[in-house]
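Numbering (our numbering), first residue to last: 63 to 419.
Backbone N, C-alpha and C define an ideal beta-carbon position, used for all residues, glycine too.
Small disclaimer: the values here were computed from a predicted structure and weren't measured.
Reviewing the structure listed below.
This is how it looks when you write it as structure tokens:
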């Protein structure tokens, strides 16, 4: 979540709490008087409003929960003859009504937006509708599993051998031209192609995992947008603007220093859209098909979710895992071992990155 979004959340927090309280009151009233369908309709409308606000302020874990809650509410409206579904749905909704404000309070008090901690509740809601359950890898925090570094492509014949930072300085003006045109809605197809080509080049020349990882994910987003699998919303365009600033940071800091403090929040926000993409080809499919089936319990505050990357031709494995709280040394250009970036706590008020050694 960006600083602007964080400030906006504080501004709308009171109104958002009122909306959620009203939704809970409507749901409780419906549980007592199930013949009053208007109460459930009111609850669904209030959850829809809350979902829109949460997406706007970029609290994606809470937005995902509110969206699932709305889906279940509308499902109950359309299946009032199925008594078991009604009971299971109301039970899951009641628990979610308690959890959502608690989750928001955690974010407001400085905790990281970690959808992973909501996974059991999200799956309870989805099971009511008979929808496929989410895996850990479907959620917002990425764990790209790796035991090898990025594999930069060799220079083309006649191409000047320059560093990644120099490539970033050279490519940024083209990225900005494409981004500005895309934001303005001018020659959208051509400008998206420009963005995709710059992104692909940065991925190809990266020699460290954080740089490779970011531009692989940005490439997946652009692939989905170009295939009409994602809507080019204002928030998505804002995230691409943040990616542009990462290019600047890359050539100002150099690749080795840049990867000491990788843009974890930006990655998480981009992955929210990767998970929502309706296309199933290319990189989106690669991210989905290689997810691990492992189930992870992360109730202890000593657990952290970590991120790192597999730069293989087959795509990435996207499955958050947990490890005991620890810190690894900063990555180095050309390092041969895997890297773990500690990005958040599985419980408690925390969620801040561990200090680097």
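From residue i to residue j, what does the alpha carbon distance come to, in whole angstroms?
i           : j           : result
residue 316 : residue 236 : 20 Å
residue 80  : residue 256 : 44 Å
residue 340 : residue 282 : 12 Å
residue 293 : residue 303 : 16 Å
residue 156 : residue 90  : 8 Å
residue 278 : residue 224 : 21 Å
residue 239 : residue 288 : 17 Å
residue 129 : residue 109 : 7 Å
residue 322 : residue 126 : 30 Å
residue 76  : residue 189 : 31 Å
residue 228 : residue 301 : 23 Å
residue 71  : residue 124 : 12 Å
residue 269 : residue 313 : 14 Å
residue 254 : residue 307 : 18 Å
residue 232 : residue 168 : 42 Å
residue 78  : residue 119 : 11 Å
residue 105 : residue 95  : 14 Å
residue 174 : residue 333 : 15 Å
residue 327 : residue 193 : 28 Å
residue 103 : residue 251 : 40 Å
residue 325 : residue 160 : 32 Å
residue 191 : residue 136 : 10 Å
residue 259 : residue 107 : 42 Å
Compare the Cα-Cα distances from residue i to each of the options and report the closest residue.
i           : options            : result
residue 132 : 326, 144, 162, 334 : 162
residue 73  : 170, 240, 188      : 170
residue 439 : 187, 137, 142, 308 : Limits of the chain in this structure are 63 at one end and 419 at the other, which puts residue 439 out of reach.
residue 243 : 122, 190, 299      : 299
residue 331 : 122, 246, 111, 258 : 122
residue 172 : 193, 186, 69       : 69
residue 140 : 99, 107, 119, 241  : 99
residue 336 : 192, 324, 318, 290 : 290
residue 241 : 324, 305, 136      : 305
residue 318 : 107, 271, 258      : 271
residue 311 : 295, 338, 226, 191 : 226
residue 295 : 338, 259, 258      : 338
For residue i versus residue j, is the C-beta distance shorter than 9 Å?
i           : j           : result
residue 116 : residue 154 : no
residue 230 : residue 264 : yes
residue 148 : residue 138 : yes
residue 276 : residue 196 : no
residue 297 : residue 280 : no
residue 187 : residue 158 : yes
residue 344 : residue 248 : no
residue 114 : residue 134 : no
residue 85  : residue 112 : yes
residue 246 : residue 309 : no
Tell me whether residue i counts as near the ligand SAM, meaning its Cβ is closer than 8 Å to at least one heavy atom of that ligand.
i          : result
residue 69 : The model depicted lacks the ligand SAM and carries no ligand whatsoever.
Under DSSP, the alpha helix (DSSP H) around residue i begins and ends at which residues?
i           : result
residue 281 : 271-288
residue 124 : 122-140
residue 265 : 250-267
residue 189 : 181-191
residue 235 : 226-246
residue 117 : 99-118
residue 163 : 145-170
residue 306 : 296-315
residue 327 : 326-338
Please check the pair residue i and residue j, which I expect to be a contact at CB under 8 Å, by giving their CB distance rounded to whole angstroms.
i           : j           : result
residue 165 : residue 180 : 7 Å
residue 92  : residue 82  : 16 Å between Cβ atoms; not a contact.
residue 273 : residue 320 : 7 Å
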